[in-house]
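I have placed the structure first, in the form of structure tokens, so that the comments after it can refer back to it.
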Amino acid sequence: MSTAWERAVQAPEGREIRRVVFSLLWEKPDVDRLREAFYPAEVVALHPRQQKELERELEHADVAVTWGDIDERFIKAPNLRWVHCDHAGLTRSARPEVFEKGLLVTGSAGRSAAALAQHAFYFALALTFDAPGLIDKQRAHEWGGIPGYNERDALWGKTLGIIGYGNTGREMGKLGKAFGMRVLAYKRRAAEVDESVNQLFAADAGDSVDTMLEQCDVVMLAANLSDETYHILSRERIALLQSGAYVINLGRGGLIDQKALVDALNSGAVAGAGLDVTDPEPLPPGDPLWDAPNVLITPHQTPKLPDRTGRSIQVIQENIRRYRAGERLLNLMTPRDVFTGTLPAPKRR
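Under the numbering used here, the residue at position 268 of the sequence shown is numbered 268, and the numbers go up by one with no gaps.
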């Protein structure tokens, strides 16, 4: 017997949208573009601070567009069928009761993918070229090089492994190829790949991420956090990495066993790490990760791409077409995305 969520996904052509509640801090021209996309449905636009009004409007809406995550108000809304959360990670919304209700939940994953991939290579280049050491020399007004610097290898010819080959992972692969790297990728489902990947490993095809990790000089994580991916880079898997490997995380802190990573950095088993996400967040001042050797930490912040809102609108426009046509939505949250662990405080991306 199919579940309420499966029936919602497989709904026949002709899903109607009559009323939409919108709660985002967008400029009027962008809101007007959204109204046009949803026409002839009525769109009620609210300021994100108008929470009481949002709760009232959810009683009548078929669709909601919000910057936040799914809470009890959305689950209890009698007519609500589709919610678009205008951010990338949907982990907070991936609760069993959302699927039990049959809600379709989508996000804006991909709108910042190119910037996130560049952020990952900021880490990769800084570690490869020892940017902290060079800056220390510059600040000391010392021209002399760092001992052994001429023996360091550039990224060219190294093997990059990407865990999570979605929007950001694909952009990481493109940059890896541009830097002359051999690119491997691991994801849940088997899929066609382009020239940016030398080999794809898929969990559903029976492939093991271990096989990929054993070959990696650089590992970049861009996966969603779920019960399936929690600590996917475990202590045992960190031990599989090539000597001198770098670990770079642009996904979520819970993807890595952070204590195991600190131990590997301190022992030299891992040569360095670049982390834009940690577990927990914010990272407490006394956490040993701060003082681990060759670790670069940024506070879950990445410079944005031009017209980020416009990129979100493109995703929503396409999903409106798909929703009305009875097709599968882009960036659709699935039951496999459920995470039952503890999450850090909310952070917009």
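Every residue gets a Cβ at the ideal spot worked out from N, C-alpha and C, and that includes glycine. These numbers come from a predicted model, not from an experiment.
Asked, Found
"Beta-carbon proximity list for A264, same chain, < 6 Å, skipping 5 on both sides", "I238 and V270"
"Neighbourhood of R387 by C-beta distance below 8 Å, restricted to the same chain and skipping five residues each side", "Absent from the structure is residue 387, since the part of the chain shown begins at 1 and ends at 349."
"Of the residues Y230, H141, L250 and E236, the one placed nearest G166, counting alpha carbons only", "L250"
"Cβ separation of L221 and I163, assumed to be a contact under 8 Å, to the nearest whole Å", "5 Å"
"Boundaries of the alpha helix (DSSP H) in which I320 is found, first to last residue", "R308 to A325"
"Reduced DSSP category for F121 - H, G, I as helix; E, B as strand; rest coil", "helix"
"Cβ neighbours of A190 in the same chain (closer than 8 Å, five flanking residues each side left out)", "L200, A202, D204 and A205"
"Closest residue to K76 among H60, A88, H84 and Q301 (Cα-Cα distance)", "H60"
"Contact check, A113 vs E171, beta carbons under 8 Å", "yes"
"Own chain residues within Cβ distance below 8 Å of R188, not counting five before or after", "A202, A203, D204, E228 and R336"
"A90 and Y246 closer than 8 Å at C-beta", "For the sequence presented, residue 90 should be read as Leu rather than Ala. No, the pair does not count as a contact, with Cβ atoms beyond the cut-off."
"Buried or exposed by the 16-neighbour rule on C-beta atoms within 10 Å, applied to P12", "exposed"
"Cβ separation of R308 and R111, assumed to be a contact under 8 Å, to the nearest whole Å", "6 Å"
"Range of the contiguous alpha helix (DSSP H) that encloses G274", "Element bounds for G274: not the alpha helix (DSSP H) but the beta strand (DSSP E), G272 to L275."
"Whether S312 touches S93 by CB criterion (8 Å)", "no"
"Cβ-based neighbour list, D207, same chain, cut-off 6 Å, excluding 5 preceding and 5 following", "F201"
"Residue burial classification, Q50 (beta-carbon count within 10 angstroms, cutoff 16)", "exposed"
"Distance between beta carbons of V63 and W82, contact taken as under 8 Å", "5 Å"
"Buried/exposed call for G253, threshold 16 Cβ in 10 Å", "buried"
"8 Å contact criterion, which L184 and L160 should meet: CB distance rounded", "7 Å"
"Presumed contact (8 Å Cβ cut-off) between E42 and R19, rounded CB distance", "5 Å"
"Helix, strand or coil at Q199 [DSSP, three-state]", "strand"
"Supposed contact pair T106 and L332 - C-beta distance, whole angstroms, cut 8 Å", "6 Å"
"Minimum C-alpha distance to K158 - residue among K259, G244 and V31", "G244"
"Distance cut-off 7 Å: D30 Cβ against heavy atoms of the ligand ATP", "Questions concerning the ligand ATP fall outside what the structure shown contains, since it holds no ligand whatsoever."
"Endpoints, the alpha helix (DSSP H) within which A178 is located", "N167 to A178"
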